[in-house]
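Working notes, beginning with the structure itself.
Numbering (this note's numbering), first residue to last: 8 to 579.
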């Protein structure tokens, strides 16, 4: 669990660049608070002077202007301080979110394998907002309330020492109340934070999988899951509020006891003028709000500390390993896997002793049953994971020696799970290179991928918005658009991972035609379950249980009593 000191140390770098504004804002708040705490003395003098020795217009005018001026200047100073504090807070949250998002897009694939979308989204939305209060409201409230308490407490001692000493005896009770609730608030806040991550995940699943939920009549079970998690959140929030409310109640009781003692003692045991009594009583009354604020600050502060652990935990995650310095300008040689071994976990190897040489310009197909290691092989080539053992070479150099962005610029990927973005047709084709690619390049890519025919029928052509993940397009259109994106990138190595697996026969022919047009002057690696689509490959690599068991041309493999022959027979 992150401590308060650790939280402040982590947050301070984000506040450091605003240190000048922080100082000015703090001074303004101190000034406004000091003016506000002068009100009891002014009211006391008004009573003793205007309703006692001097009722002249001049004196009345002086005290009226003094009282109004004090209140007005204090209010305006507070307004400026709060505005400045809000600006600093929003800037800090902006910087935090920028760092979080920058980290998010640099994280290795292994991170997303272990963390749900909901948990990650919750960090960027709910958790970071919890820190927002610590960066503005809590800080200013603490300054205002603590200064008010200090000044008014000193004023009370100045006004009547013996009475104030009696009241101070009650303060340890407040301390113990705060200490008692701190751990409860922090523990409950941590459970709220975890539950919010689960809630976001459930919402993400239900929004993206709404069709499946309807067709499988899963509304009831999903509703039960949702109700269960929001009930947990309700219970934990109740615990947070109850602990904070306990503090407030104790403070209210102590304040009530203090006020009652002041009334009794000042009227029976002590000799005080009406003005002194009013000033003392007013000062005590003004202590109520800041005292409550200081007590209640504990709740959002503990929530911020708990959220800080989550937010800074994401920022501290290790980015993708990128230790290479060489720039891969152009692939001029073969791609070579040498004694490659890999395992996602320590128990189950996914690839074993892989030795494979892919010639420049060659089209190879990776086939084999589910779980044989086809996609894992591609993931290692794309450096989504690091090897456990062995080497992968390009241009006779280990791929880890290349700078990551330079290295991946040589590859295009068309995945079976097509991912499009909530952008225009042209924006998706030119993805990552919007400012660099000409419209001609985009149109040429659409034509080669057989996308142009359906794009030309859209009202806004290439400016047409396709919605979230291309929801306005059919499956075949989305797949062809993803191929157009790969064509526009014009990389020397193209990887197709089950690019036609979910398509009907007519659409598959269009997509396959687009793939064939792309083969010229490119190295192609095709992962396929439909073996009919890879008959023309230069070489077919058959994997089973993480090992290459055979390889060759379609005609040669089909003639032998091979694993490939069994796979083809299963599809006939």
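Glycine included, C-beta positions come from ideal geometry on N, C-alpha and C. Quick caveat, the model's predicted, so the values are computed rather than measured.
Discussion item. Could you check whether the stretch 395-412 touches the stretch 344-357, counting it as contact only if at least three pairs of C-beta atoms, one from each stretch, sit closer than 8 Å?
Written reply: Touching, per the Cβ criterion.
Worksheet item: Near residue 162, which residues of its chain fall below 6 Å by C-beta distance, leaving aside the five closest residues on each side in sequence?
Response: For the purposes of this step, residue 162 is identified with residue 155 of the chain shown, where counting begins at 1. The answer, listed in chain order, is 290.
Worksheet item: What first and last residue would you give for the alpha helix (DSSP H) that runs through residue 434?
Response: By 1-based counting over the chain shown, the position of residue 434 is 427. Residues 432-436.
Practice prompt. Look at the alpha carbon of residue 497 and the alpha carbon of residue 490, and state the distance between them as a whole number of angstroms.
Written response: Residue mapping note: residue 497 aligns to position 490 of the chain shown, counting from 1. Residue mapping note: residue 490 aligns to position 483 of the chain shown, counting from 1. Straight-line Cα distance between these residues: approximately 11 Å.
Item to complete: Whole angstroms is fine: what's the gap from residue 534's alpha carbon to residue 542's?
Response: The sequence position of residue 534 within the chain shown is 527, counting from 1. The sequence position of residue 542 within the chain shown is 535, counting from 1. Approximately 12 Å between the Cα atoms of the pair.
Discussion item. Suppose only complete runs of 4+ residues qualify. What are the alpha helix (DSSP H) ranges in the stretch 453-495, listed by chain order?
Written reply: DSSP runs (the alpha helix (DSSP H)) wholly in the stretch 453-495: 459-462.
Discussion item. Helix, strand or coil for residue 334? Go by DSSP, reduced to three states.
Written reply: For the purposes of this step, residue 334 is taken as residue 327 along the chain shown, with counting starting at 1. Residue state, collapsed to three classes: coil.
Discussion item. Let's test the definition: count the other Cβ atoms within 10 Å of the Cβ of residue 365 and tell me whether it reaches 16, buried, or not, exposed.
Written reply: Position 358 of the chain shown, counted from the first residue, corresponds to residue 365. Residue 365 comes out buried.
Worksheet item: In terms of residue numbering, what span does the alpha helix (DSSP H) encompassing residue 47 cover?
Response: On the chain shown, position 40 is the one that residue 47 refers to. Secondary structure note for residue 47: its alpha helix (DSSP H) is the uninterrupted segment 46-55.
Fill in: DSSP state of residue 368 mapped onto helix, strand, coil
On the chain shown, residue 368 is found 361 positions in, with the first residue counted as 1. In the structure shown, residue 368 sits in coil (DSSP, three-state: anything other than H, G, I, E or B).
Discussion item. Could you tell me the alpha carbon to alpha carbon distance between residue 316 and residue 165, rounded to whole angstroms?
Written reply: What you label residue 316 is simply residue 309 of the chain shown in a count that begins at 1. What you label residue 165 is simply residue 158 of the chain shown in a count that begins at 1. Here the alpha carbon of residue 316 sits roughly 44 Å from the alpha carbon of residue 165.
Item to complete: Check whether the stretch 318-328 touches the stretch 104-112, counting contact only when three or more Cβ pairs, one atom from each stretch, lie closer than 8 Å.
Response: Touching, yes.
Worksheet item: Between the C-alpha atoms of residue 420 and residue 244, what's the straight-line distance to the nearest angstrom?
Response: Translated into the one-based positions of the chain shown, residue 420 becomes position 413. Translated into the one-based positions of the chain shown, residue 244 becomes position 237. Straight-line Cα distance between these residues: approximately 45 Å.
Fill in: Residues that residue 123 bridges to, as DSSP identifies them
By 1-based counting over the chain shown, the position of residue 123 is 116. For residue 123, which the question treats as bridged, DSSP gives no partner whatsoever.
Worksheet entry | Burial state of residue 137, where buried means 16 or more other Cβ atoms lie within 10 Å | Taking the chain shown and counting its residues from 1, the one referred to as residue 137 is at position 130. Residue 137 comes out buried.
Item to complete: Drop a sphere of 10 angstroms on the beta-carbon of residue 202, count the other beta-carbons inside from all chains shown, and report buried for 16 or more, exposed for fewer.
Response: By 1-based counting over the chain shown, the position of residue 202 is 195. Residue 202 comes out buried.
Worksheet item: In chain order, what residues of the same chain have a beta carbon less than 6 Å from the beta carbon of residue 379, not counting five sequence neighbours either side?
Response: Mapped onto the chain shown, residue 379 falls at position 372. Closer than 6 Å at the Cβ level, and outside the excluded window around residue 379, lie 550 and 551.
Item to complete: Kindly indicate which three-state DSSP category residue 570 falls into: helix, strand or coil?
Response: Numbered from its first residue, the chain shown carries residue 570 at position 563. In the structure shown, residue 570 falls within a helical segment according to DSSP collapsed to helix, strand and coil.
Fill in: From 150, 105 and 14, residue whose alpha carbon lies closest to that of residue 35
In the chain shown, the residue the question calls residue 35 occupies position 28. Cα-wise, what sits closest to residue 35 is 150.
Fill in: Selection from 260, 439 and 152 that minimises the alpha carbon distance to residue 300
By one-based count along the chain shown, residue 300 stands at place 293. Closest by alpha carbon: 152.
Worksheet item: Who are the near neighbours of residue 158 in its chain, counting only those whose CB is closer than 8 Å to its CB and skipping five residues on each side?
Response: Reading the chain shown from its first residue, position 151 is the one you call residue 158. Once the five neighbours on either side are set aside, the close Cβ partners of residue 158 are 40, 41 and 44.
Item to complete: Identify the continuous beta strand (DSSP E) that holds residue 551 and give its terminal residues.
Response: Within the chain shown, the letter at position 544 stands for residue 551. Start and end: 546-551.
Worksheet item: Considering only residues of the same chain and omitting the five flanking positions on each side of residue 104, which have a CB-CB separation below 7 Å?
Response: Start at 1 with the first residue of the chain shown, and residue 104 comes out as number 97. Listed in chain order, the non-local C-beta contacts of residue 104 below 7 Å within the same chain comprise 131 and 135, local neighbours out to five positions each way being set aside.
Worksheet item: Going by the beta-carbon positions, is the gap between residue 408 and residue 331 smaller than 8 Å?
Response: Residue mapping note: residue 408 aligns to position 401 of the chain shown, counting from 1. Residue mapping note: residue 331 aligns to position 324 of the chain shown, counting from 1. The Cβ-Cβ distance between residue 408 and residue 331 falls below 8 Å.
Worksheet entry | Three-state secondary structure (DSSP) of residue 318 | Position 311 of the chain shown, counted from the start, is the residue given in the question as residue 318. When secondary structure is reduced to three states using DSSP, residue 318 falls in the helix class.
Worksheet item: Residues in its own chain within less than 8 Å of residue 368 by CB, not counting five upstream and five downstream?
Response: On the chain shown, position 361 is the one that residue 368 refers to. Counting only residues of its own chain and dropping the five nearest sequence neighbours on each side, residue 368 has a CB closer than 8 Å to the CB of 528, 529 and 530.
Practice prompt. Starting from residue 297, follow its DSSP beta bridges and name the residues at the other end.
Written response: Position 290 of the chain shown, counted from the first residue, corresponds to residue 297. Residue 297 is not bridged by DSSP to any residue.
Fill in: C-beta contact flag for residue 88 and residue 147 at 8 Å
Numbered from 1 along the chain shown, position 81 holds the residue referred to as residue 88. Numbered from 1 along the chain shown, position 140 holds the residue referred to as residue 147. A contact, by the Cβ cut-off of 8 Å.
Worksheet entry | Segments assigned beta strand (DSSP E), at least 3 residues, entirely inside the stretch 346-401 | Within the stretch 346-401, the complete beta strand (DSSP E) runs of at least 3 residues are 356-365, 370-374 and 396-401.
Discussion item. Cutting at 8 Å between CB atoms, please list the residues of its own chain near residue 65, excluding the five before and the five after it.
Written reply: As a first step, residue 65 is located in the chain shown; it is residue number 58 there, counting from the start. Apart from the 5 residues on each side of it in sequence, residue 65 has no Cβ closer than 8 Å to any other Cβ in its chain.
Item to complete: Would you mind reading off the limits of the alpha helix (DSSP H) that contains residue 76?
Response: For the purposes of this step, residue 76 is identified with residue 69 of the chain shown, where counting begins at 1. Run containing residue 76: 64-111, per the alpha helix (DSSP H) assignment.
Fill in: Touch test, the stretch 45-53 against the stretch 65-83, Cβ-Cβ under 8 Å, three pairs minimum
Taking a cut-off of 8 Å for Cβ pairs, the stretch 45-53 and the stretch 65-83 touch, as three or more such pairs fall below it.
Discussion item. Would residue 449 and residue 469 qualify as a contact pair, given that the criterion is a beta-carbon distance under 8 Å?
Written reply: Reading the chain shown from its first residue, position 442 is the one you call residue 449. Reading the chain shown from its first residue, position 462 is the one you call residue 469. Residue 469 sits close to residue 449, with the two beta carbons spaced by under 8 Å.
Discussion item. Judging by CA-CA distance, which residue of 425, 127, 287 and 53 is the nearest neighbour of residue 169?
Written reply: What you label residue 169 is simply residue 162 of the chain shown in a count that begins at 1. The candidate whose alpha carbon is nearest that of residue 169 is 287.
Practice prompt. Measure the C-alpha to C-alpha separation of residue 133 and residue 248 and round it to an integer number of angstroms.
Written response: For this step, residue 133 is matched to residue 126 along the chain shown. For this step, residue 248 is matched to residue 241 along the chain shown. Taking the straight line joining both Cα atoms gives about 18 Å.
Discussion item. Using the Cβ count rule (16 or more neighbours within 10 Å means buried), how would you classify residue 312?
Written reply: Walking along the chain shown from the start, residue 312 turns up at place 305. The residue in question, residue 312, is buried, as its Cβ has 16 or more Cβ neighbours within 10 Å.
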